[in-house]
Every structure is written in structure tokens, then in C-alpha cells.
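J.: Structure provided below as C-alpha cells; questions to follow.
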Amino acid sequence: MEMSKELTLHINGQTYEFTIGRKLGQIPESETLLETLRERLGLTGTKLSCGEGACGCCAVLMDGKAVASCVTLTAECGGKEITTIEGLADPVTGELDPIQEAFLEHNAFQCGFCTPGIIIAVKSLLNANPHPTEDEIKEALSGNFCRCISHYQVIEAVQSIVKGGEQA
Amino acid sequence: MSEFRHIGKVRRRQDGRAIVTGKALYCDDLPIKNCYVAKVLHSPYPHAEIVSIDTSEAEKLPGVCGVMTYKNAPDWKTGVPAHRPVMSQHLRFVGDPVAAVAAENAQIAEQALELIRVEYRQLPPVYDVEDAIKPGAPEVYRAEDNIESKGYHYERNCLPPGSWFEGNDPPFYKIQDGDVEQGFAESDVVVEGKVAYTWTFPGAPESPFVAAGWDDDTHVNVWASSQGPNMVCRPLAYTIGAHINVTTPNVGGSYGNKDALGYITMLTVALAKVTGVTVKYALTKEEHLLFYERRLDNKFIGKIGITKDGRIKALQGDWLVGTGAGSELTQGQVAEGLGELHIALNKCPNWDIEAKVVVSNKIPVGIARGFGGQELKACALHLLTRALRQIDMDPVTFYKKNFCQAGDEYYWRTGHKYSNPVINYDKCFDVAAEKFRWFDRWKGWGVPSRVEGNKAYGVGFSLHSSGDPQSDETFAYVRLENDQVMVHCAVSQFGNGQRLALAKIAAEILNVPLENVTINSSDTRTDPADFGAAGSRETITAGGAVGSAAKAARQKLLEEAAEKMGCSAEDLDTKDLMVFRKDDPSVCLPWIAICPMYYSITGEGVVKGDFNHNNCVMNFVEVEVDLETGLAKITDALSASDVGRIINPLELKMQFEGGLGSAGMDTGHLEEMVLDPVIGRVMTHNMIDYKWRPFNELPKFDTAVLESVWPTANPYGAIGIGEITGAAGPAAVLMAIENAIGGAEINEYPATPDKILNALGKAKGGLVE
Ligand code: FES
Ligand code: FES
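So the protein lines, in turn, are chains U and F.
When the first sequence is numbered by this note's numbering, its final residue is 168 and no position is left out of the sequence of numbers.
When the second sequence is numbered by this note's numbering, its final residue is 1769 and no position is left out of the sequence of numbers.
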């Protein structure tokens, strides 16, 4: 019998205890973070598109930095602080993150399928660089595909936060 | 400034908060109870026959509840005319389904696929439209497949012409008007040639999804990532003889391409029938690229004659339309493509153009925005540039002379002619050309606008117009309950802002805050019939139906209030959920007193549709070509239209910008699917290899929008343009590239660096023969 390993996940301020293994209910070594979020925890705001790290739809924050959850193994997320799109708003007041507010204000989406991933990527950028230039914004988002071409409004939304000097 | 409360004003989309917080539900996010997972085994060969197939081991695997192959699949067919079976022993492209499994979860379903034993016999494939119609070419379908429509039969890789678009009328697949020989004789310049437009991937981020479960023998529930729920259920319901209810939650992009979902819905509904469970089929991105319906490819081989003063005199040609291994509605795209060419070159008196819909061992073709005209015009209008060069007339001047004007007649998809006495885009040409500084930047054919070091810049122009914006039926009803307005119209959320437009229209007519209006989730159980979002039609059709329904509900509200207030309805008006006397607003009654707790006031509306309302989008582009590397980029774009009336200013701007992507404008120089000719498989089957535009490669983008208030069924005189914003793009881009590189000719899309260097004589070979 293989040994079960314990796995503690911190997601959106909650702590989850799992074990890794191949029995029913356990998390197999091969399970991706995206699968855990969507299928075990019902956090469907994180989207699956390419499934191979190319498009950014599945981005989540890991210790404040955007990662592609479709190519991240859950078994390797122990002890990390994971934030998904559902975890950005204030859990008590429901107040939106300034990025979410700016996206609404500037209508920075069309179909909205790429939007959670883009908002996460913007959060990651502003965590590292609170005052990015336009080129830095574009560069930081170059791994996020948006087929509807909502890019122009996204850039406008992000710039409005940077200009507004709000703490993102 | 608009005189309206909501129309033309920037308003937040009602679903916006759900989208930015991750709460918006797309198909694969829905909690569908007791739902099994479907996985499909695909043909590894472009053309083959199943010699034997053994699914017994797969069926024994715990957790598998059924396997479907050609042996036990229902005998249904989809396509135009019906030709594509659920499963076949004869496999026609890499990706063609060989077997489908329903299992408790994806892992088990995938394991089961590995246990299926198949022996194939390979057959010779054919890919190119010209090769496919040569005598002796491998046959993709056969006489015994009985593909027939209106007395025409499948023959030598050509599908019968025509579709349900013509009703019982003859198929519309050619335009033969006037006398082309005489037209050529009257021409000062005659050009001949061949131009090819490649196959591309509209590429919604959310891959197609269908779930299906049978309630009983005659009722099926379907959940579909579709922009047109009625398109999903109505044709299929006829085929299978059962009633289908369709739910469409948020759709993660469509671009026309996730409309009918014809084949995968049939496959999923069949698997649900065979296995007796509810099953969901969520395509992986690789499946989406490898086997889902793509944009058509085509070649135009033709001859065009014009006079020195830029009057087009004759157009002749063969339009070879590549539909791969199947046609979802390709013949319909032929009909609309012909119509779109006829609108663009409307002043041409002599026509002889005929289309052939050719099957091959490439991926089947489905519905995509631009719908036939984008592809045909990318080729035919590019050939026309050869003639314009000889008479030295710029394209804006030429099209303004030849484009359909108010009162002119144009062919549309039934094969009949239509016309509008008012709609006219003359002013749009002028305003847009001025804003783009076209006449400053245009230096002549084959002359760059400017050269900076290795970088040469050129400009291009093209335009597109469709007869669809007021087509087909849409029904709607509006319910007033207490202080709420509920709108029922089967309009999906797929990014275009249409649901916001409907909310605004209802709110404007009932003079209430937008927050009091709810658009019912798009579901055929509760929404009345509608042709669906296609051909930019919903601005007029859904807008008109909801507008009429809101007016009818308002009238009933006032009548019921009048009874209570002891006056006549004509004496009354309503604002902000109060009904009041026009002559004395202090005499008033709140809505909740007229429709109290358990009370509904319902108004109905309908637009029956016609083809007499043509929209138009003009695309102006500047490209930069690196003369060393051959890399072309769009640096500056302007898209223009006269939309009659602006409903959603921001969403309209974004619709224009959206014309760059989703296999629109960028197919001029960037996007294409690449086939490995040895194994017949698409090489660009992931989102890195299929190239498209990222955030750090955006051109400057501008729009010019006029509001002439057209006489449409939209209550505010609007006309939709969403479908066509990128359709003229590829032709404009290729024109601009040829100008940038000094006029060297490129006759094959997209103008990738190899083709540009080849045209410049700087490279030989490569992918270009
Ligand atoms: S879905 Fe993970 S990067 Fe595309
Ligand atoms: S908004 Fe649709 S893909 Fe970005």
C-alpha cells in the first residue's frame, strides 16, 4: 500500500485539508490545480481554455503571482497562498477589488471568458509594479489571449487604476 | 446629444458584476445533476475505413455506461443537405469520430478509449479544391450516401447546391445577369487570375460544449454553448423526431462559430440516447482545433472588366468553395457570399459567376461570421485591384461609384432581389476617408505611403455589406409584475452587448430605471421562437420585437390604470414606475397598485423579417512591412459605418475592434491553419502554433460612426453591424501590403513573411510553390 500524504491548501483565505493518493476522494498526484478548484471546490470562475499554459484563462494568484492553474499540480501547492477570481473582493463587505471595479467602469470585457484570468494577471502585475507604463501593462498581459479583442478597454481600465493612484 | 434616457448612453452591462467576480456561469460551470462525461475517439487518418472495431473491453471497464460506434449509433444525419452521419465506417478526416464513450468521469472515459481496438484500412486523401474535382480524385462521399437536394445530387466531391435559405425555390449558387461577353467588349481593362483564401479558426476561448439528456422518448434537454439556442434545437428536432429544450447560459465567445453546433449536438444527443444517461461533451482545445467546424476556404478563378472611369462592366468566374468533409451551412454561405459581392459591385450589369461546394479530407466547415462574403470577396476583390491599378483609380473612389445605393436592387440569399429606398452609405465613405486621411496617405497602386529604413508602409481599403440585419423571425414578450419588467427573448450572452441593448429598449419605452429590467436567461422553454443571433440581425429583430412587446405592455398598463383612475388611457403617461395624468401629474398611481403582488401584464412583440435592410462596414488599414524579414503588421486601422442609431456606444466600438480577431481582419496576414500534407493532420492544433494577436501587438484603432436613423424595425432606427466588422479586413490588409512592398503581387492569403519575401524575389521555395 502506498502511503497517503497530507496536503493543506490555502485558497481565498480558507484552509482545506486533503490527502494525496489514488483512492476515491483523494487527490491524485496528476490532478491540476484547475481541476481541484473547479471540480472539487466549485470555484468555476477560473476558466479552462487551452489547457496547456498558453492562454492565461486559468490564471490564479500563487503567493501574489499569477500562475496557469491548468499546468500546476495541486500536490505541489501545499503551503502556498492561492487566490482565485472569487477571492479578490472583500469577503466581509463584498466590496470589489479596484481592478474589478475598473473593469466594470470601462466595460473591459465582451464574452468575459478571458476576464477572470486577465484580472488575475493585472493583480499580479500591480502587486509587483504598482505604477506600470502602458508598455509594461501590455507586456504583462501578453500571455493572456482575448479573442473578442477587449484589449483596448482592458488597457484603459488598468491605466485608470494606475492614474487614480489607488492601492490595487 | 441624444434625447434619450438610456439609448446611446454608456451603461454598465447587467451581467458585468458576475463576469468580473467569476460568478458568471458558462456551460461547463453549470451544475448538471447525474451527468456523465463523453470522450471521443478520433480517426488518426485523413481517409480510411473501419475494417473492424472491438469495444468489448471498454464496455467492461467499471464506470463506463456505454460506447457508441457506427454500429449502434442512431441513423441520423446533419449538414446541408443531410450527409454527415452520427458515426460512419467511412472516416473522412483526421479527427472524424470513430467511437464515443460515456463514463462517470473524464479519466475513466479516456481509459475506455484506450481499450477500443480498431483496424483501419487507409484510403487516398484529397485536400485541395482543385484536386478534388479532377477526374479520378478520391471520393470523400459516394453515390450510396444518397446526398440529394432539390433534384441535384452529390457528384465527384461536389455537394448539391442550395440550402433551406431558398425555401422551395431553386438553389441560389450562381449569378447570371446580362451578357458578360458584351461587358468585356465594353471594358477598357480586363484582368484574369486566381486568388486563394486559406482555412482559419474562429477560435472562441470557450471550446464548444453540449450536454444532453432524454426525459422520455420524445423530450430531450440540451445545454449548449451557443449564440443561437433555437438554431441548436429546431433543425435537429426535425431530424430526430423529438422535442428539444435548449438552455444557453453565458457563452465564452462564438463569432458565429458556435451557433447551430449542428454535428456535436447530434453526437451528444445520440450518445445520451444510446447510453440512457445525461452526458456532457466538452471539447478540449485540441479537439476544437482538430475537428470542430472551421471557416471555409476558397479559390476564385475569374475575369473582371472595367472602364477607364471606373465602371465595372463584367464579372465572370468560378468560385470553388472548400467545405472539408462536411457542410453545416456552406451552401447558405455561398448564397450570402454571392449577395455580398453583388452589393459591393452593385453597378456591374453583367455577371456570370458560379459556385461549387467541394468536399475534401480536411476538417468540415461550419458557420462563421463574414459568412461566405468575407472569403469570396477576399479573393474576387483582390483580383479586381489588378484592374484598378491599370486605370489608376483608388479603391475608395471606385467603390463609392459601384457600391449599392438607396433604391438599387441586390441579390440576397433566396436568389431574389431586394432593395431599400433610404439606406445609403455615400456619406459614410466621405466621413470615414476624411477621418483616416485616406487621400493623403494614398500614393497610388504599388506605391508605399512612406518608407522608413527597412519599414515600408501601405494603405488599403475594403468594405462589406449584408442583407441580413432585418432577416427572419424574432418573437418576444415583456411582463410587468409589481415594479419589475421581465423581458423574454432568446438572446444569448456571448459578448456583443445585445442583452444590454434589449434592457435599454424596454427601459426607454417604459421609462424606468435600467435596474428594474431583467432579461430572462436564454432558454427555449421560456423564450418564444427566434432565428438567433446571426447576420447582425438582433439589433433590429430582437430590438424590434422587444420594443413592440414593451409598447404593448405599456398600453395595457395605461388601460388598466385608466380604469382605476376613471379616465382614458390616452390621458395617461408613465415614468419611474408611476402612471400619471399628462395634464396633472399629481394625479397618479404607482405600478404596484396596477399590477400588485400576484399580477402580470404581458405585451407581445414580433419582427417577421425581410432582406431589404443592408448594413455596411468599411475597413481602412495601414500596414507596416519589414522589407528584410517580410513581417507585416497592421499599424493603424479605422472601421466605419452608419449604424442608424447608436444604442451601446462602448459595445459598438468594441464590436468594431473585435473585427481584428476571430479569423477576421488578421486572416489577411497572420492567421491560418496549417495542414501536414503527409499525415493529413492539422499542425496548428494548439493556441501557440495557431497564431493570433496578443496584448503587446495592438494597432492604433479608430472608428467613424454615423447615425442617419434608418427606417428599420428597430424602434430607434438602428441597424446591427456586429457580424461584419472584420469581414472586409483581409482584402484591405492584402491590398495595403502589396502597396507597401511596391506592388509585387501576392495571390494567396495570408500574406505571411515567406509569401512576402517570395513576392519580393528575396526568397524561394518554402511553403509557397
Ligand atoms: S487554460 Fe491554462 S493557460 Fe490556457
Ligand atoms: S472578452 Fe471574450 S475572449 Fe476576451
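We put the CB at the ideal spot given by N, CA and C, even for glycine.
Helix, strand or coil for residue 1624 (chain F), going by three-state DSSP, please let me know.
T.: strand
J.: Chain U beta carbons: is any one of them nearer than 8 Å to that of residue 1436 (chain F)?
T.: no
J.: Looking only at its own chain, which residues have a Cβ that is under 6 Å from the Cβ of residue 1371 (chain F), when we skip the five neighbours before and after it?
T.: Spatial neighbours of residue 1371 (chain F) in its own chain (CB-CB distance under 6 Å, excluding positions within 5 residues in sequence) are listed in chain order as 1333 and 1336.
J.: As a quick exercise: from F:1522, F:1534, F:1431 and F:1538, pick the residue whose alpha carbon is nearest that of residue 1501 (chain F).
T.: F:1538
J.: What residues from the segment 136–160 of chain U come within 7 Å of chain F, judged by C-beta to C-beta, listed N to C?
T.: 138, 139, 141, 142, 144, 145, 147, 148, 149, 150, 151, 152 and 153
J.: So what does DSSP say about residue 1590 (chain F), is it helix, strand or coil?
T.: strand
J.: Does DSSP put residue 1509 (chain F) in a helix, in a strand, or in coil?
T.: helix
J.: Does residue 1599 (chain F) pass the burial test, meaning 16 or more other C-beta atoms within 10 Å, or should it be called exposed?
T.: exposed
J.: In terms of alpha-carbon separation, which member of F:1284, F:1236 and F:1247 lies closest to residue 1265 (chain F)?
T.: Among F:1284, F:1236 and F:1247, the Cα nearest to that of residue 1265 (chain F) belongs to F:1236.
J.: Got a sec? Which residues, its chain only, sit under 6 Å from residue 1702 (chain F) by beta carbon, not counting five neighbours each side?
T.: 1638
J.: Taking the alpha-carbon of residue 1584 (chain F) as reference, which of F:1574, F:1592, F:1591 and F:1654 has the nearest alpha-carbon?
T.: F:1574
J.: Cβ of residue 1482 (chain F) within 8 Å of Cβ of residue 1592 (chain F)?
T.: yes
J.: Can the beta-carbon of residue 1449 (chain F) be found less than 8 Å from the beta-carbon of residue 1443 (chain F)?
T.: For residue 1449 (chain F) and residue 1443 (chain F), yes; Cβs fall inside 8 Å.
J.: Of all the beta strand (DSSP E) runs that stay within the bounds of the segment 1480–1558 of chain F, which reach a length of 3 or more residues?
T.: Fully enclosed beta strand (DSSP E) runs of 3 or longer: 1484–1488 and 1517–1519.
J.: Would you mind stating whether residue 1586 (chain F) and residue 1642 (chain F) have Cβ atoms separated by less than 8 Å?
T.: no
J.: Just mark residue 128 (chain U) as buried or exposed, buried being the case when its beta carbon has 16 or more other beta carbons within 10 Å.
T.: exposed
J.: Which residues end up in the neighbourhood of ligand 1 when you take C-beta atoms closer than 6 Å to any of its heavy atoms?
T.: U:48, U:49, U:50, U:51, U:53, U:54, U:55, U:56, U:57, U:58, U:68 and U:70
J.: Please state if the CB of residue 1249 (chain F) and the CB of residue 1490 (chain F) are separated by a distance shorter than 8 Å.
T.: no
J.: Closest to residue 1687 (chain F) by C-alpha separation, out of U:28, U:30, U:42 and U:56, would be which residue?
T.: U:56
J.: Compare the C-beta of residue 1519 (chain F) against all C-beta atoms of chain U and say whether one is closer than 8 Å.
T.: no
J.: Does any heavy atom of ligand 2 sit closer than 7 Å to the C-beta of residue 147 (chain U)?
T.: yes
J.: Buried or exposed for residue 49 (chain U), going by 16 or more other Cβ atoms inside 10 Å?
T.: buried
J.: Can you tell which of F:1615, F:1743 and F:1732 has its C-alpha closest to the C-alpha of residue 1720 (chain F)?
T.: F:1615
J.: Go through its chain and collect everything with a Cβ distance to residue 1601 (chain F)'s Cβ below 6 Å, but skip five positions before and after it.
T.: 1480, 1553, 1556, 1557 and 1595
J.: Between the C-alpha atoms of residue 1136 (chain F) and residue 1130 (chain F), what's the straight-line distance to the nearest angstrom?
T.: If you draw a straight line from the Cα of residue 1136 (chain F) to the Cα of residue 1130 (chain F), it comes to about 12 Å.
J.: For the beta strand (DSSP E) containing residue 1432 (chain F), name the first residue and the last one.
T.: Residue 1432 (chain F) -> not in any beta strand (DSSP E); alpha helix (DSSP H) instead, spanning 1426–1436.
J.: Taking the alpha helix (DSSP H) that residue 1019 (chain F) belongs to, which residues open and close that run?
T.: Bounds of the alpha helix (DSSP H) holding residue 1019 (chain F) are 1016–1021.
J.: Would the beta-carbon of residue 1231 (chain F) fall within 8 Å of that of residue 1260 (chain F)?
T.: Remark: C-beta atoms of residue 1231 (chain F) and residue 1260 (chain F) approach each other more closely than 8 Å.
J.: Exposed or buried, which one is residue 1447 (chain F) when buried takes at least 16 other CB atoms within 10 Å?
T.: With fewer than 16 other Cβ atoms inside 10 Å of its own Cβ, residue 1447 (chain F) counts as exposed.
J.: Taking 8 Å as the threshold (beta carbon to beta carbon), is residue 1019 (chain F) in contact with chain U?
T.: yes
J.: Nearest by alpha-carbon distance to residue 1420 (chain F): which of F:1407, F:1035, F:1187 and F:1540 is it?
T.: F:1407
J.: If residue 1198 (chain F) sits next to residue 1297 (chain F), beta carbons under 8 Å apart, how far is it from one beta carbon to the other, in whole angstroms?
T.: 5 Å
J.: Spatial neighbours of residue 1134 (chain F) within its chain, please: C-beta separation below 8 Å, excluding the five flanking residues on both sides.
T.: none
J.: Return the Cβ separation of residue 1704 (chain F) and residue 1432 (chain F) in integer angstroms, given the expectation that the two are a contact with Cβ distance under 8 Å.
T.: 4 Å
J.: Any heavy atom of ligand 4 closer than 7 Å to the CB of residue 1600 (chain F)?
T.: Ligand 4 is not part of this structure, which contains only ligand 1 and ligand 2.
J.: Kindly indicate if chain U contains any beta-carbon less than 8 Å away from that of residue 1274 (chain F).
T.: no
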